[in-house]
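Protein chains in written order, with our numbering: chain A, 0 to 413; chain B, 56 to 224.
Here is the structure we will look at.
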Amino acid sequence: MTTLTPLDTTAIRAQFPILAREVHGRPLVYLDNAATTQKPQSVIDALSHYYSTTNANIHRGLHTLAEEATAAYEGVRKQVAAFIGAASHREVVFTRNTTESLNLLAYTLGDRLRPGDEIVLSAAEHHSNLVPWQLVAQRTGAALRFIELNDDQQIDVDTARAVINANTRIVSIVHMSNVLGSVAPVAEIAEMARSVGAAMIVDAAQSAPHIPVNVDDLGVDYLAFSAHKMLGPTGVGVLWGRQALLADLDPFLGGGEMISVVTREESSWAALPHKFEAGTPNIADVIAFGAALEFLNDVGMDAIAAHDAELTHYAVEQLSRLEGLDIYGPSDPAERSAVVAFNYRDIHSHDIATILDRAGIAVRAGHHCAQPLMRTLGVPATARASFYLYNERSEVDALVDGLLEAGERFGFDR
Amino acid sequence: MASNRESQNPVDLDDLYRDVILEHYRRPRNRGQRDDATVSAEGFNPSCGDEIQLSVAIVDNVVSGMGFGGSGCSISQSSASMMTEAMSGRSLESAREMSKHVQQMLTDDSFDLDAVDLGDLEALSGVARFPVRIKCGLLAWKVLDQALANATGEAVDDDSDIPTRVTSG
Chain A
0 MTTLTPLDTT AIRAQFPILA REVHGRPLVY LDNAATTQKP QSVIDALSHY YSTTNANIHR
60 GLHTLAEEAT AAYEGVRKQV AAFIGAASHR EVVFTRNTTE SLNLLAYTLG DRLRPGDEIV
120 LSAAEHHSNL VPWQLVAQRT GAALRFIELN DDQQIDVDTA RAVINANTRI VSIVHMSNVL
180 GSVAPVAEIA EMARSVGAAM IVDAAQSAPH IPVNVDDLGV DYLAFSAHKM LGPTGVGVLW
240 GRQALLADLD PFLGGGEMIS VVTREESSWA ALPHKFEAGT PNIADVIAFG AALEFLNDVG
300 MDAIAAHDAE LTHYAVEQLS RLEGLDIYGP SDPAERSAVV AFNYRDIHSH DIATILDRAG
360 IAVRAGHHCA QPLMRTLGVP ATARASFYLY NERSEVDALV DGLLEAGERF GFDR
Chain B
56 MASNRESQNP VDLDDLYRDV ILEHYRRPRN RGQRDDATVS AEGFNPSCGD EIQLSVAIVD
116 NVVSGMGFGG SGCSISQSSA SMMTEAMSGR SLESAREMSK HVQQMLTDDS FDLDAVDLGD
176 LEALSGVARF PVRIKCGLLA WKVLDQALAN ATGEAVDDDS DIPTRVTSG
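Below is the structure:
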């Protein structure tokens, strides 16, 4: 393995204007990247450039602006296809977010299920990859099955093998947990799904920003992720699916853009991917997402993955030194990245978040849209620090200092 | 404008974490459910997961005692703990009145603390200056409103996003 050059975080940070601001008189330490990431100037500029120079509705217009806007929008589709190693840009559907991508599958693929069919999820799902399938189960009579976590709080291959059976029609699991930071053995589970003829769906909302994701290597059928968690704007999600499979699905939303011929009684559908993009899409934000992908490619996903893993490792090491601090997720730092969920003393995570905020440090506190996982972990809530390519060790140190301050306020010695 | 207000009058963590609050968080009063409860209710904040269960003993239209359970942050739990102490011995009417005042204090930074005597509960007045924590402070009081409304047969007037329900009574 080649050694990657560490990221020049000073140069990277200089490209994110928000990182220069102060919060409550202290420099912003932004450690809530699993919720959403900050945006580089190039993404902000792309948005403003589009509205200043190119704004038009796409695909239908015959004038120059429409042509330019269409080319820019479709160009990003090709960028996305290349970013995840898709066979064709026709396999890339733009949605609003990961949640909508997963709902699209739930309402099309999911609604084919019948009583007796089974949907396999994991114990670590975000509500976005749980609630849509609960609704499918209610509509169709299909049953939900769960892959449990092993003793090291990782998705267990053995329980996966036990719950994936001849009745399984859909396996939909999270690639990288937004709480545990662990990476699921997706390729192995995809192989199990394939062997029983089930569709394999991956929620890549956390993985696509942090590690190289290649749909061919993973051997999956569908992949969902969001632009805003990877330097892009809010309001853009991606659904990737194998062409033959997407072609076989009925449309999700009906309207303009997704049709071929419409009569009073019926319609035929546009070719992929337009069949799934009814109405005017989020053109400007998709185009700005292209600038985000360019930024990530310039830095390099391998280098980003190495940086995030190293910083996470450092955070686990430093936080572990604090008395009364519990960290959730795999014990081996090599098995996790980007996310560290923890509880400190008996200080509730909301109090921790409030106290850290006064020190300029942004973390998340609560159930992280994963209430069943919180129950599995046996805690009502956790605090969570999550990292990205612009974060530095000094920010982890600031977090540790902030926690010590919280401890003092609640009457604990340093 | 929160930022304007702050620049004129900086909000300090000491405004939120008063000694009384931390003391109640560490050593909650009336923790646990009462055997003699005449009405029980519960509520939770879906956005953060804090939860409160309340059991209230009412004799001759007077709150004779109150116990609470649940989990959550220092603000939600100390608010509940202080409430159980402040309510004991109050008529239903007086309890409802006090609940109304405390909720006003929790939500309105300009609430006049001299206008009513809220005792130790005044320690919660800083919560109004931390908008994201207001719901934490309100939770116990919304559950109380639900319990009292059940006891008096009146409707709950609540436009908050905090779901509460009567569990027995």
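Beta carbons: idealized from backbone N, C-alpha and C, even for Gly.
If I measure Cβ to Cβ from residue i and keep anything under 6 Å in the same chain, skipping five residues before and after, which residues do I get?
i, result
"A/L355", "V362 and G401"
"A/Y416", "Residue 416 of chain A falls outside the range modelled here, since chain A spans only 0 to 413, and no answer is possible."
"A/A369", "H125 and V178"
"B/G127", "D105"
"B/V211", "D200, Q201 and A204"
"B/F185", "L71"
"B/A195", "I107, S134, A135 and M138"
For residue i, does the three-state DSSP call read helix, strand or coil?
i, result
"A/M199", "strand"
"A/M191", "helix"
"B/M121", "strand"
"A/N342", "strand"
"B/M153", "helix"
"A/P26", "strand"
"A/R160", "helix"
"A/A142", "strand"
"A/S266", "strand"
"A/Y387", "coil"
"A/V178", "coil"
"A/L238", "strand"
"B/I76", "helix"
"A/E124", "coil"
"A/V285", "helix"
"A/Q317", "helix"
"A/D297", "helix"
"A/Q40", "helix"
"A/L31", "It should be noted that the sequence gives Asp, not Leu, for residue 31 of chain A. If DSSP states are grouped into helix, strand and coil, A/D31 belongs with the strands."
Thinking residue i and residue j are a contact (beta carbons under 8 Å), I'd like their distance in whole angstroms, please.
i, j, result
"A/A302", "A/L6", "6 Å"
"A/G328", "A/R335", "5 Å"
"A/I169", "A/L245", "About 15 Å; that fails the 8 Å criterion."
"A/E256", "A/H88", "Their Cβ separation, rounded to whole angstroms, is 16 Å, which puts A/E256 and A/H88 out of contact at 8 Å."
"A/I188", "A/D220", "Incorrect: roughly 12 Å between the Cβ atoms, too far for contact."
"A/F224", "A/A204", "5 Å"
"B/P83", "B/Q132", "6 Å"
"A/H174", "A/S206", "4 Å"
"A/T375", "A/A70", "Rounded, the Cβ-Cβ distance is 48 Å, inconsistent with contact."
"B/T219", "B/K197", "5 Å"
"A/A405", "A/D350", "7 Å"
"A/I172", "A/L120", "6 Å"
What does a CB cutoff of less than 7 Å around residue i pick up in its chain, not counting 5 residues either side in sequence?
i, result
"B/L176", "M137, A141 and V157"
"A/P348", "Here residue 348 of chain A is Ser; the residue named in the question, Pro, does not match the sequence. Same-chain partners within the cutoff: N342, A364, G365, A380, T381 and A382."
"A/Y106", "F251"
"A/V91", "R76, V79, A80, A85, V237, W239 and P272"
"A/P26", "G359"
"A/L3", "D301, A302 and A305"
"A/L324", "L318, F341 and Y343"
"A/S100", "T94, A223, G236, V237 and L238"
Check the Cβ of residue i against every Cβ in chain A and list those closer than 8 Å, keeping chain order.
i, result
"B/F185", "T353"
"B/L71", "T353"
"B/G87", "In chain order: nothing, as chain A lies at least about 18 Å away."
"B/G104", "G365, H366, Q370, M373, P379 and A380"
"B/L161", "Those do not exist, as B/L161 stays about 15 Å from chain A at its closest Cβ, beyond 8 Å."
So residue i contacts chain A; which residues on that side make the cut at Cβ distance below 9 Å?
i, result
"B/S129", "I346, H347, H349, D350 and F409"
"B/R151", "Per Cβ cutoff of 9 Å: no residues; B/R151 is ~28 Å from chain A at best."
"B/L77", "R408, F409 and G410"
Excluding sequence positions up to five away, which residues of its chain have a Cβ less than 8 Å from the Cβ of residue i?
i, result
"B/A112", "R89, D91, A92, T93, V118, S119, G120 and M121"
"A/H23", "D356, R357, A358 and G359"
"A/V315", "I326, P332, R335 and V339"
"B/E97", "E106, I107, Q108, L109, G125, V198, T219, R220 and T222"
If the cut is a Cβ gap below 7 Å, which residues of chain B does residue i touch?
i, result
"A/R357", "L68"
Quiz item: Name the residues in the segment 375-401 of chain A whose C-beta lies less than 7 Å from a C-beta of chain B; which are they?
Solution: P379 and A380
Practice problem: Could you list the residues in the segment 189-211 of chain B with a C-beta less than 8 Å from some C-beta on chain A, going in chain order? | Solution: The residues in question are C191.
Practice problem: Taking a Cβ distance cut-off of 9 Å, strictly less, list which residues of the segment 113-146 of chain B are near chain A, in chain order. | Solution: S126, G127, C128, S129, I130, S131 and Q132
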